[in-house]
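*Asks:*
Numbering (this note's numbering), first residue to last: 1 to 977.
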C-alpha cells in the first residue's frame, strides 16, 4: 500500500481486515472486534454512537448487553493498538467521545481509499482521451491492491454493505479493464479471463459484450454468437442482449478487431526460420492441487504480461528449500504459456548440488530443442550463448530456469531481445542479476496451508478433526513440502488419523516424521547446508543453540566469538541463502523446521565443550549488558546490582539511558530466557550468573508486564539450584520468584516464596538477598493491612541496606517503613523516614527519584498535608508516565484522585482516576480495583449513582478475585450506603 507516511498506521480492507504499524502487523482479535473497527474506520474520524455500532456489527442479533459488548471490543482494540500508542494516551487512535467512539489517526493509509483514488484517476484519464494502455495500467495497479474478498469473514450489516459496494466497484473496474484488453488486442488469455469472471458474476451485460468480442477476435465466431443466444435466453423480461454486437459479428465488421491485428504473429520471415524453428514445450506438468499464493501468482503473471516491451522480462523467485518455488514457477508458466506462442524452455540448474551443471551444457540442450543441429552447436559457452540469443530473436518464448546457484549461473541463459521472458528460482537471493524483479517466497499463510492439506487429504477427514489438522500444518511450519509429505502419508493410509500424526509431529525429532518414503524435508535442507563453507556452517549451527525466536547481532557475535562486522557478513550470507530469516534489521532467526535441522547438526557436529563455551559467552554478555541497562534505568546500588556478588569478565553492551535500557531488556527477554534455560540444562555452568540475570530482568521489567515469564524462570532456577545444593542461587531464585508474584498480586504464593528465601539466607548469611526479601515481605504485609508487621520487616531491611552502604535500597525500604508507620499513627516518625527516603532516592536516577516522591506523597496525605501530598503525587505520576513505569504511574494517579476526592473536588478526582485506569488494567489488578473504588466514590459525590455503583461493583469483583478481604469489606460498605 505504498511507502509509510503520516501516522504510520496502514489498514487493509480489500481482503481480511488487517492493520500494520510500520512493518508490524497488529493483532485485531475476533471478528466482532474487527467489525467494530471497520465501522469506525468508515466514519473517517467522526463519532459513531454505541447504538449505531451495535446495529452495524450485530444487526438484529445483538448480544444481551450490547453496550458492554461494544466496550469490551473497544478495550481489546485499544490493546491491539498499544504498539502504536505506547503509554501516551494522546496517541491512542480509538477514543471515547460522549456516548460513542471515534477512530482518529491522521495520515493513516487505507487500501480502499487508494483503490477508489485509482478508479477516479482511471476515469479522469478516459474522459481526457488518454491512450487505452495508460488507462489500463492504472486499473491494473488498482486491482493489485486486492488480496481477497473485501472485509472477508467480518459479520454484520455494515461489513456486508461495504463488501457489496467494493465488490461491485471491483467487478465494474475489471469489466473496463477487459474492454481495454479487447481494444488493444495484446492479451492471449483474454477469453479465459472473461469467462472466469462471467462464471463468478453471471448475468452482467458488459461481460457478455466483451466476451463476444474477444471470442470473435480469436477467430471463434460461432462461439461468440452462441454466447449471445445463451445471454438472451437467460435475461429477465425487459432486458436486452447486445443485439447490435451480434449483427456486427454476423457482418464480420473489421472495426471489432484491434488495430494491427492483421500483422500479429511470430516472425516467420526471419532467415531460416521456416527450416529450423521448432516451438519447444518443455514445462513440467502442474500440480492439480496447487493452492493459494494468489498475490505472488498475480504479481508474476502481471510481470510476464509486460514481455514485449524494450527489454527481456526477468523475474527471480527465491526462498528456502521446500517453500514451493518450483511449484509456483511452473504454475505461473503454464498459466501464461499462451502469451508465448513460440515455445517454453525449462531447465533444472541443480544449484543446490555440489557441482551444478555448467551453463554451456544447458545451452547445448536448449539449442538442440530450438532446432539447431548438434554439429552446428559451437564448443565455447560464450558462442553458444550468442547463437541461443540469435535463435530467440523476434520470438516470444518463456524460459524457466529452476534452482539456480548464482547470477553467473543464469546470465548466459538469458535471451537478448524483447518478447521473451525468464522465470528463475533459487535458494539464494540473486541480487546480482541485473534488471531482475526479485520476489522472496515465504511459507504459506495458515489458511492456505490448511487448504492444501484439505485438497490432498479430503474435506471430510479434515472436518472430522479440525483441531488436529491445524496442529499438523503448524507442526509442518506452514512449509508446502512438509504439508504435502504428511498429506500424502494420510492419503495413502486411511486408518492414520490426524490426531495420531499430530502426536508424532510433537516429538523432538519431528523432521523424521516429515518423510513419505521418497521425499524428506531434512534432505531438502541438507542440500543447502552441505554447500556451506566451514565458517558459515558453524554459524548456522551455533545460532540455533538458544531457543529464542530470533537473536540480535550483538548476541550472535558473542555466541560465535566473532566481531560484529564478521558476524553480520556471515549471517547476511545465510539470509541470502534462505537458511536464516531477518525479521527486522539486525535480528536473525530460523524457520521452525530449519531450526530443528540446525539443532540436529549442532548435536551431531559440536561437542559439549563447544556448546558450554558458547552458552557461557552469551550468558556473560547478557548479564553484563543487563547490569548496564539497570544502571541506566534505575541507578541501583552496587550491592543491589549483584546480590550474589558475581564478577563478570565481559563489559557488555553500553546502554545510553533509561529508554534504551527498557527497550533492550524488552527486546532481549526471550534471548535471556533461552540462555537461562541453557544454563539450567548444563551442569558445567554455575547457576549464579543465570539467577543474577533473572534478577536484573525483574529489576528493569517488573513493572512492564514481564513478571509471569520471570517468575517461571526463577521457579526453574530454584528447582535446579536445590537439586545441585547451591544455596546462594537458591535464595536469590526464591526471592526473584516471590518478588515477581507480588507484582502480579499473587500475594499468598509470594509470601511463601519470600519466606523460603529468608530461611535460606538466615542459614547461609546471604545478607544482600535477605535485605531484599525482608523488604518484599514488608510490602506483602502492607497490602494486607498488617502495618505493624510491615514496618518491622521494612525497618530491618533498611538497617541491613544501611550497613551494606546501599543508599537507594535503604531509601526504598524507608519509604515502605514510613507508610506503615503512618498507618499505625506514628506520624512524626513516618514523616521523618519519608523525607529521608526521598533524599536518598533523589540521587539514584529518575525512576528512583519518582518512587521517592510517591512514597513521600503517601505519607504526607496521612500526616494531614494534602496539598503537598497532591503536588508530589501528580509530579510522580507525570515522571512515571514519561519513563513508561506504568504500574507506579497508575498508583500515583490513584493517590492524586483520592486526595481530590477527600477534598470534595469530585470532577478532578474522576479525571485523575480515568486518566490512569487503562494503565492499571494492563499491569495491576489490585490497582485496578483501587482506582475503580476511587472512581466510584468520586462519581457518588458528583451525583451519578448508577455509574458509581457500576464502578464499585467492578472494584468488588476485582478485590474478591484477588482475595483481598479488607478492601472487599470497604467496598461492600460503600455499596451499602
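Using N, Cα and C, we set each Cβ at its ideal position, and we do this for glycine too.
1. By the 10 Å Cβ neighbour count, where 16 or more other Cβ atoms means buried, how is residue 331 classified, buried or exposed?
2. Give the single residue among 148, 153, 26, 135 whose Cα lies nearest to the Cα of residue 181.
3. Using DSSP with H/G/I as helix, E/B as strand and the rest coil, what is residue 679?
4. Express the C-alpha separation of residue 545 and residue 602 in angstroms, rounding to a whole number.
5. Look up residue 987 in the DSSP assignment and give the residues it is bridged to.
6. Roughly how many whole angstroms lie between the Cα atoms of residue 686 and residue 920?
7. Check whether the Cβ atoms of residue 342 and residue 422 lie closer than 9 Å to each other.
8. Is it buried or exposed for residue 638, if we count other Cβ within 10 angstroms and need 16 for buried?
9. Figure out for me which residue from 436, 17, 172 has the closest Cα to the Cα of residue 313.
10. Since residue 579 contacts residue 535 with CB under 8 Å, what's their CB separation in whole angstroms?
11. For residue 726, which residues of its own chain have a beta-carbon under 7 Å away from its beta-carbon, when the five flanking residues on both sides are left out?
12. Whole angstroms is fine: what's the gap from residue 671's alpha carbon to residue 736's?
13. Considering just the uninterrupted stretch of the alpha helix (DSSP H) at residue 540, what are its terminal residues?
14. Less than 8 Å between the CB atoms is what I'm expecting for residue 439 and residue 296, so what's the real figure, rounded?
15. So, for residue 836: in the same chain, excluding its five sequence neighbours on each side, which residues have a beta-carbon less than 7 Å away from its beta-carbon?
16. Counting only the same chain and skipping the five closest in sequence on each side, list residues whose C-beta sits under 7 Å from that of residue 970.
17. I need the straight-line Cα distance from residue 166 to residue 77, nearest angstrom please.
18. Along the beta strand (DSSP E) that carries residue 25, what are the first and last residues, could you check?
19. Does residue 939 come out as helix, strand or coil in the three-state DSSP assignment?
20. What does DSSP give as the partner residues of residue 439 in its beta bridges?
21. Using a Cβ distance threshold of 8 Å, determine whether the stretch 832 to 851 contacts the stretch 607 to 627, with at least three qualifying pairs required.
22. What does the alpha-carbon distance come out to for the pair residue 531 and residue 463?
23. Run through DSSP, which three-state label would residue 467 get?
24. What span of residues does the alpha helix (DSSP H) with residue 628 cover, start to end?
25. Would you tell me roughly how many angstroms separate the C-alpha atoms of residue 326 and residue 543, rounded to the nearest one?
26. Fully enclosed by the stretch 709 to 791, which beta strand (DSSP E) runs are 3 residues long or longer?
27. Using only CA atoms, which one of 66, 350, 294, 345 lies nearest to residue 978?
28. Does residue 552 come out as helix, strand or coil in the three-state DSSP assignment?
29. Just to confirm, are residue 473 and residue 453 a CB contact at a threshold of 9 Å?
30. How is residue 108 classed by DSSP in three states: helix, strand or coil?
31. How many angstroms separate the CA atom of residue 913 from the CA atom of residue 884?
32. Using 8 Å as the cut-off, can you tell me whether the stretch 24 to 34 makes contact with the stretch 42 to 50, which would need three or more C-beta pairs spanning the two stretches below that distance?
33. Residue 961 to residue 954, Cα distance in whole Å?
34. Hey, would you say residue 38 sits closer than 9 Å to residue 162, going by beta carbons?
35. Quick one: what's residue 346 bridged to in DSSP?
36. Please report how far the alpha carbon of residue 56 lies from the alpha carbon of residue 149, in whole angstroms.
*Replies:* Considering the structure as presented:
1. Numbered from its first residue, the chain shown carries residue 331 at position 331. Under this definition residue 331 is a buried residue.
2. One-based indexing of the chain shown puts residue 181 at position 181. The candidate whose alpha carbon is nearest that of residue 181 is 135.
3. The residue you call residue 679 lines up with position 679 of the chain shown. Note: residue 679 maps to helix in three-state DSSP.
4. Working through the chain shown from its first residue, we reach residue 602 at position 602. Working through the chain shown from its first residue, we reach residue 545 at position 545. Rounded to whole angstroms, residue 602 to residue 545 spans 8 Å at the Cα level.
5. An answer regarding residue 987 cannot be provided, because it is not within the stretch 1 to 977 covered by the chain.
6. Along the chain shown, read from residue 1 onward, the residue named residue 686 stands at position 686. Along the chain shown, read from residue 1 onward, the residue named residue 920 stands at position 920. Straight-line Cα distance between these residues: approximately 38 Å.
7. Here residue 342 refers to the residue found at position 342 when the chain shown is read from its first residue. Here residue 422 refers to the residue found at position 422 when the chain shown is read from its first residue. No, Cβ-Cβ distance for residue 342 and residue 422 is not below 9 Å.
8. In the chain shown, residue 638 corresponds to position 638, counting from 1. With fewer than 16 other Cβ atoms within 10 Å, it is exposed.
9. The count along the chain shown starts at 1 and reaches residue 313 at position 313. Among 436, 17, 172, the Cα nearest to that of residue 313 is on 436.
10. Here residue 579 is taken as the residue at index 579 of the chain shown, counted from 1. Here residue 535 is taken as the residue at index 535 of the chain shown, counted from 1. Not confirmed; about 13 Å, so no contact.
11. Within the chain shown, the letter at position 726 stands for residue 726. Excluding residues within five positions, the ones whose Cβ falls inside 7 Å are 687.
12. Here residue 671 corresponds to residue number 671 of the chain shown, with the count starting at 1. Here residue 736 corresponds to residue number 736 of the chain shown, with the count starting at 1. Each residue's alpha carbon lies about 19 Å from the other.
13. Start at 1 with the first residue of the chain shown, and residue 540 comes out as number 540. Element bounds for residue 540: 534 to 542.
14. Sequence index remark: in the chain shown, residue 439 carries index 439 (1-based). Sequence index remark: in the chain shown, residue 296 carries index 296 (1-based). The pair is a contact, with the Cβ atoms about 7 Å apart (cut-off 8 Å).
15. For the purposes of this step, residue 836 is identified with residue 836 of the chain shown, where counting begins at 1. For residue 836, where only same-chain residues beyond five positions count, the Cβ hits under 7 Å are 814.
16. Locating residue 970 in the chain shown gives position 970, where the first residue counts as 1. Same-chain partners within the cutoff: there are none.
17. Position 166 of the chain shown, counted from the first residue, corresponds to residue 166. Position 77 of the chain shown, counted from the first residue, corresponds to residue 77. Distance between the alpha carbons of residue 166 and residue 77 is about 24 Å.
18. Along the chain shown, one-based indexing puts residue 25 at 25. Start and end: 24 to 26.
19. As a working note, residue 939 is residue 939 in the chain shown. Looking at residue 939 - three-state DSSP - the assignment turns out to be helix.
20. To locate residue 439, count along the chain shown from 1; it is residue 439. DSSP lists 317 as partners of residue 439.
21. no
22. Reading the chain shown from its first residue, position 531 is the one you call residue 531. Reading the chain shown from its first residue, position 463 is the one you call residue 463. Going from the Cα of residue 531 to the Cα of residue 463 covers about 42 Å.
23. By one-based count along the chain shown, residue 467 stands at place 467. DSSP places residue 467 in helix when its eight states are reduced to three.
24. In the chain shown, the residue the question calls residue 628 occupies position 628. 608 to 634 is the span of the alpha helix (DSSP H), which, as asked, contains residue 628.
25. Within the chain shown, numbered from 1, the residue matching residue 326 stands at position 326. Within the chain shown, numbered from 1, the residue matching residue 543 stands at position 543. Taking the straight line from one Cα to the other gives about 29 Å.
26. none
27. Residue 978 is absent from the structure shown; the chain starts at 1 and stops at 977.
28. Along the chain shown, read from residue 1 onward, the residue named residue 552 stands at position 552. Residue state, collapsed to three classes: strand.
29. The residue given as residue 473 occupies position 473 in the chain shown. The residue given as residue 453 occupies position 453 in the chain shown. Yes, the pair counts as a contact, with Cβ atoms nearer than the cut-off.
30. Here the question's residue 108 lines up with position 108 in the chain shown. Three-state DSSP puts residue 108 in coil, outside helix and strand.
31. Translated into the one-based positions of the chain shown, residue 913 becomes position 913. Translated into the one-based positions of the chain shown, residue 884 becomes position 884. Rounded to the nearest angstrom, the two C-alpha atoms are 18 Å apart.
32. no
33. For the purposes of this step, residue 961 is taken as residue 961 along the chain shown, with counting starting at 1. For the purposes of this step, residue 954 is taken as residue 954 along the chain shown, with counting starting at 1. Rounded to whole angstroms, residue 961 to residue 954 spans 11 Å at the Cα level.
34. Start at 1 with the first residue of the chain shown, and residue 38 comes out as number 38. Start at 1 with the first residue of the chain shown, and residue 162 comes out as number 162. The answer is yes: Cβ separation under 9 Å.
35. The count along the chain shown starts at 1 and reaches residue 346 at position 346. DSSP output for residue 346 lists 400 as bridge partner(s).
36. One-based indexing of the chain shown puts residue 56 at position 56. One-based indexing of the chain shown puts residue 149 at position 149. Using only the alpha carbons, I get a separation of about 19 Å.
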